[in-house]
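K.L.:
What follows is a structure written as structure tokens; I'll ask about it next.
There are 2 protein chains.
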Amino acid sequence: MAVADAAALRDELQRIGKQARRASDSLRSMSSTVKNAALLEIARRLRESAPLLKKENAKDLAAGQAKGLRGAMLDRLELTDARIEGMAVGLETVAALPDPVGEIESQVVRPNGLRIAQIRQPLGVVGIIYESRPNVTADAAGLCLKSGNACVLRGGSEAIHSNLAIAKIFVDGAVSAEAPEHAVQLIGTTDRAAVGEMLRLDRYIDVIVPRGGKQLIERIYDESRIPVVAHLDGVCHTYVHEGADLAMAKSICLNAKLQRPSVCNAMETMIVDAAVAEAFLPDVAAAFGEAGCELRGCERTREHIECAEATEDDWTAEYLDTILAIKVVDSLEDAIAHINEFGSHHSDAIVTDSYSASERFLDAVDSATVYVNASTYFTDGFMFGLGAEIGISTSKLHCRGPMALKELTSLKYVIRGSGQIRQ
Amino acid sequence: MAVADAAALRDELQRIGKQARRASDSLRSMSSTVKNAALLEIARRLRESAPLLKKENAKDLAAGQAKGLRGAMLDRLELTDARIEGMAVGLETVAALPDPVGEIESQVVRPNGLRIAQIRQPLGVVGIIYESRPNVTADAAGLCLKSGNACVLRGGSEAIHSNLAIAKIFVDGAVSAEAPEHAVQLIGTTDRAAVGEMLRLDRYIDVIVPRGGKQLIERIYDESRIPVVAHLDGVCHTYVHEGADLAMAKSICLNAKLQRPSVCNAMETMIVDAAVAEAFLPDVAAAFGEAGCELRGCERTREHIECAEATEDDWTAEYLDTILAIKVVDSLEDAIAHINEFGSHHSDAIVTDSYSASERFLDAVDSATVYVNASTYFTDGFMFGLGAEIGISTSKLHCRGPMALKELTSLKYVIRGSGQIRQ
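Residue numbers (the numbering used here), protein chains in the order written: chain A, 1 to 423; chain B, 1001 to 1423.
Next up, the structure:
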């Protein structure tokens, strides 16, 4: 890229950042009535514009095919009528949720009479960097608008026509409902250098939420001067304790692995207590086999079932596929140690009827979401009753697990006095 | 540095990181009884070791003098009996505070019967990078221990003997109370490259809290792969509204500027409404003059008082000294716009008896702490009733304002089921 182009790109990103900051200044005090009206108007316009959206999407699909994208990638890229309806319903759902902005989290009166409150406020400007699926444009922008945040969106180049069309509907709908024009801005260039420039806008953007592959997220961690809330991967475990109801354990393990293997909350490693290995493994392995799921077991697993041998790499693998690693352990403590060492702190479950084992597991497993007797596949904003999610955090700062409206806010100290000074 | 040295340093930091992670695994479920006993034992040993601490501190002071450190720097470095007593009392205060770990923030029962709770948990491992003042070693380590976090401390090279002595007392006291040996680790080398290695320990350290000058913090933002909670600077404002009680305004402004000019919550710019400029400025300027405070005013300020002319740089300056910038504005909105553009989002106050002006100011000023009719000098953990603070955040993610026990935790989802699977 020529020096002049680099300078022009930097100027463009600076302009976008400034506009976002200004928009966030008015969004901060905008009433829920206006924000909800904007969301409903945008939903209406998305439905009305389905033919246009599909026409723009067709350009992306054609370019993708020409570039040789595979089936799953093309599928993620496609905007069907059902997916457009899904975006509209998503916005209506978000409009119906309570507005977290302005909630008082706490208030104390200090001995000197100062009334110190903590009040929930928008983060400010949220930068979202994502790949392929164009519906993220509407989902993320809707959550940001409702929580009073301006957003700067950077979608994948393969979805640029679809994203631009969705963003235009968003802006037109927001403006017609008297929300600020720059509440939602999509970076129009597909130049890869734009991401680098975006990550340096620490004066204007308050948080970066990346959604995408590990490589993208690693790059963002490396380059960003802006705080990042991200999930790196989902290496989720289910531990079948010696006190488990084995029928329940089978049902939960099959669901956690097979219901949707391609998502981050799917189980990747099943841990089985040695005391129930013989009673459990052959039966569940047969069921996995019937479903076409490849099994890779540790040495002790292979004493009970025939399967490939798991290597060290399998314990940290996020297959996102019909492959399952299996480990046999001697104790609850060994299971906990394995999960804390090799897992990704996303979602982990124990199946047991032992009260003390369940409490110990919940305490000691250091993950964003820990379960007793349920499938890890439940970890998402919809299932948790949050209405939607902008991502799932596996870091510990700010928020863990699904990131939705409340997680797009933080607490500001508001202090009312009557002339107090400090000695 | 030779390649072999660099590799040895990296190994050493990796070892420290691993030890901290392991310690945090046991601290996570450690009872308040044990943590409080450790804090009280450490306080006792600090008092008992005052002669030793002063002896070690004398080495740092001598080295500092030899290096030509100035008075204020030497003063910050010195461990007096009062400061040692202050560290001990600080630990006793923290021991007496409620333990945030295990608090249930919320619990819902979903239609499918899943009980979804959010429970407060330690962040894990906290890395603290700080300069000169050795008492930070005890303050920060005490807050981390109480909140169930392991910590890795990196103090300034000028305080290395003092820091090592305090850390040793900390570790000995903790171990004697059956807390883990590696709950608190001080990096023993003064090699500058150790900071770089520390900032790459993203597998082991969950958050970096820097305390120090702007240059240090900028470097950390640039290099860290670990999330950072920091305050860059404290450019705090007091806005004297046309509806202010001018006697109260004078008292608050003098306190905010002069009570302790060297701290981040001191006022750096005073904003005065044009409607009260003539009634207020000459009187308050005389009082500032008597106190030896230099004034730098905008053009309109200089219509009312004699003072130096403020330049654009003065609006963003953190003087930390007896210098005050003054700006006259036409309206509340102009004051808000100035604060949001030039301030550092730390602490800002309005003095007014107008209800609508106070509400608008509290809503619209985008700072960690906003005040009506009180001095910004109140912004700190002690004054807010938090017992202590590990730093003051001016970023919006995770926490804003004083960072104490609660801010050293985050919320983990704990989900109890009875065999639920998801369709």
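For every residue, glycine included, the Cβ atom is placed at its ideal position computed from N, Cα and C.
1) Please report whether the beta-carbon of proline 227 (chain A) lies at a distance below 8 angstroms from any beta-carbon of chain B.
2) Heavy atom of the ligand ADP less than 7 angstroms from the Cβ of phenylalanine 1382 (chain B), yes or no?
3) Residues of chain A with CB under 7 angstroms from serine 1375 (chain B), in chain order?
4) Which chain A residues sit within Cβ distance under 9 angstroms of asparagine 1340 (chain B)?
5) Does DSSP put glycine 1391 (chain B) in a helix, a strand or coil?
6) Measuring only the C-alpha atoms, how far is proline 1282 (chain B) from isoleucine 1305 (chain B)?
7) For glutamine 1215 (chain B), which of helix, strand or coil comes out of DSSP?
8) Run through DSSP, which three-state label would asparagine 265 (chain A) get?
9) Buried or exposed: serine 262 (chain A), going by 16 or more other Cβ atoms within 10 Å of its Cβ?
10) For histidine 346 (chain A), which option in A:Val240, A:Ala230, A:Glu407 has the closest C-alpha, if you only look at C-alpha atoms?
11) I need the DSSP call for asparagine 1340 (chain B), collapsed to helix, strand or coil.
12) Could you run through the segment 289 to 318 of chain A and flag, in chain order, every residue whose CB is less than 9 angstroms away from some CB of chain B?
13) Candidates A:Cys399, A:Arg28, A:Ile392, A:Gly127: which alpha carbon is nearest asparagine 265 (chain A)'s?
14) If you follow the beta strand (DSSP E) that arginine 1154 (chain B) is part of, which residue opens it and which one closes it?
15) Does chain B have any CB closer than 8 angstroms to the CB of serine 410 (chain A)?
16) Per DSSP, glutamine 1121 (chain B) forms a beta bridge with which residues?
17) Comparing alpha-carbon positions, which option in B:Lys1035, B:Ile1205, B:Lys1327 lies nearest aspartate 1099 (chain B)?
18) Residues of chain A with CB closer than 8 angstroms to the CB of cysteine 1399 (chain B), please, in chain order.
19) Going along chain B, which residues have a C-beta under 7 angstroms from asparagine 255 (chain A)?
20) Quick one: what's got a C-beta closer than 7 angstroms to alanine 1430 (chain B)'s C-beta in the same chain, skipping five residues either side?
21) What residues from the segment 182 to 209 of chain A come within 8 angstroms of chain B, judged by C-beta to C-beta, listed N to C?
22) Just to confirm the assignment, what range does the beta strand (DSSP E) spanning serine 106 (chain A) have?
23) Can you confirm whether the segment 1400 to 1413 of chain B touches the segment 211 to 230 of chain A when touching is taken to mean that 3 or more C-beta pairs between the two stretches lie within less than 8 angstroms?
24) Do we get a CB-CB distance below 8 angstroms when we pair lysine 396 (chain A) with the residues of chain B?
25) Do you know how far the Cα of alanine 335 (chain A) is from the Cα of glutamate 312 (chain A)?
26) For valine 370 (chain A), which residues in chain B fall below 9 angstroms Cβ to Cβ?
27) Give me the Cβ distance between valine 125 (chain A) and tyrosine 204 (chain A), rounded to the nearest whole Å; I'm assuming they're in contact under 8 angstroms.
28) List the residues of chain B whose Cβ lies closer than 7 angstroms to the Cβ of methionine 248 (chain A), in chain order.
29) Can you list the alpha helix (DSSP H) stretches of 4 or more residues lying completely in the segment 292 to 379 of chain A, in chain order?
30) Within 10 Å of its beta-carbon, does threonine 33 (chain A) have 16 or more other beta-carbons around it, so buried, or fewer, so exposed?
31) If we ignore side chains and look at the alpha-carbon of each, how far apart do cysteine 236 (chain A) and asparagine 1112 (chain B) end up?
32) On the CB-based measure, 16 or more other CB atoms within 10 Å of its CB, does glycine 1188 (chain B) come out buried or exposed?
33) Taking methionine 1087 (chain B) as the query, report the chain A residues whose CB atoms sit under 8 angstroms from its CB, ordered along the chain.
34) What residues from the segment 101 to 125 of chain A come within 7 angstroms of chain B, judged by C-beta to C-beta, listed N to C?
35) For alanine 1274 (chain B), which of B:Leu1013, B:His1241, B:Lys1412 has the nearest alpha-carbon?
36) Out of curiosity, what's the CA-to-CA distance linking glutamate 56 (chain A) and isoleucine 252 (chain A)?
P.N.:
Inspection of the coordinates gives the following:
1) Closer than 8 angstroms to the CB of proline 227 (chain A) there is at least one CB belonging to chain B.
2) No copy of the ligand ADP occurs in the structure displayed, which carries no ligand at all.
3) Near serine 1375 (chain B) (Cβ distances below 7 angstroms), the residues of chain A are Gln420, Ile421, Arg422.
4) Those within 9 angstroms of asparagine 1340 (chain B) in chain A are Arg21, Asp25.
5) Looking at glycine 1391 (chain B) - three-state DSSP - the assignment turns out to be strand.
6) Approximately 6 angstroms between the Cα atoms of the pair.
7) Assignment of glutamine 1215 (chain B) by DSSP, reduced to helix, strand and coil, places it in the helix class.
8) Asparagine 265 (chain A) falls in the coil class under three-state DSSP.
9) Per the 10 Å Cβ criterion, exposed.
10) The candidate whose alpha carbon is nearest that of histidine 346 (chain A) is A:Ala230.
11) It is helical.
12) Residues: none.
13) Checking every option, the nearest Cα to that of asparagine 265 (chain A) belongs to A:Ile392.
14) Residues 1150 to 1154.
15) Yes, because at least one Cβ of chain B sits closer than 8 angstroms to the Cβ of serine 410 (chain A).
16) According to DSSP, glutamine 1121 (chain B) shares a beta bridge with B:Ser1410.
17) Closest option to aspartate 1099 (chain B), Cα to Cα, is B:Lys1035.
18) Taking the beta carbon of cysteine 1399 (chain B) as reference, the chain A residues within 8 angstroms of it are Ser410, Leu411, listed in sequence order.
19) Those are Ile1421, Arg1422, listed as they occur along chain B.
20) An answer regarding residue 1430 (chain B) cannot be provided, because it is not within the stretch 1001 to 1423 covered by chain B.
21) Residues are counted here when their Cβ sits less than 8 angstroms from a Cβ of chain B; for the segment 182 to 209 of chain A these are Asp202, Asp206, Val207, given in chain order.
22) Bounds of the beta strand (DSSP E) holding serine 106 (chain A) are 104 to 109.
23) Using a Cβ-Cβ distance cut-off of 8 angstroms, the segment 211 to 230 of chain A and the segment 1400 to 1413 of chain B are not in contact, since fewer than three pairs of beta carbons, one from each stretch, lie closer than that value.
24) For lysine 396 (chain A), the closest Cβ of chain B is nearer than 8 angstroms.
25) One C-alpha to the other measures close to 16 angstroms.
26) By Cβ distance, chain B contributes Lys1412, Tyr1413, Val1414, Ile1415.
27) Contact holds; Cβ gap of about 6 angstroms.
28) Under the 7 angstroms cutoff, chain B gives Gly1419.
29) Every alpha helix (DSSP H) stretch that sits fully inside the segment 292 to 379 of chain A and reaches 4 residues is listed by chain position as 332 to 342, 355 to 364.
30) That one is exposed.
31) Pairing cysteine 236 (chain A) with asparagine 1112 (chain B), the inter-Cα distance amounts to about 22 angstroms.
32) Exposed is the label assigned to glycine 1188 (chain B), since fewer than 16 other Cβ atoms lie within 10 Å of its Cβ.
33) In chain order: nothing, as chain A lies at least about 22 angstroms away.
34) Val108, Arg110, Leu114, Ile116, Leu123, Gly124: these are the residues of the segment 101 to 125 of chain A whose beta carbon lies less than 7 angstroms from some beta carbon of chain B, given in chain order.
35) Considering only alpha carbons, the answer is B:His1241.
36) Just so you know, the alpha carbons of glutamate 56 (chain A) and isoleucine 252 (chain A) end up roughly 41 angstroms apart.
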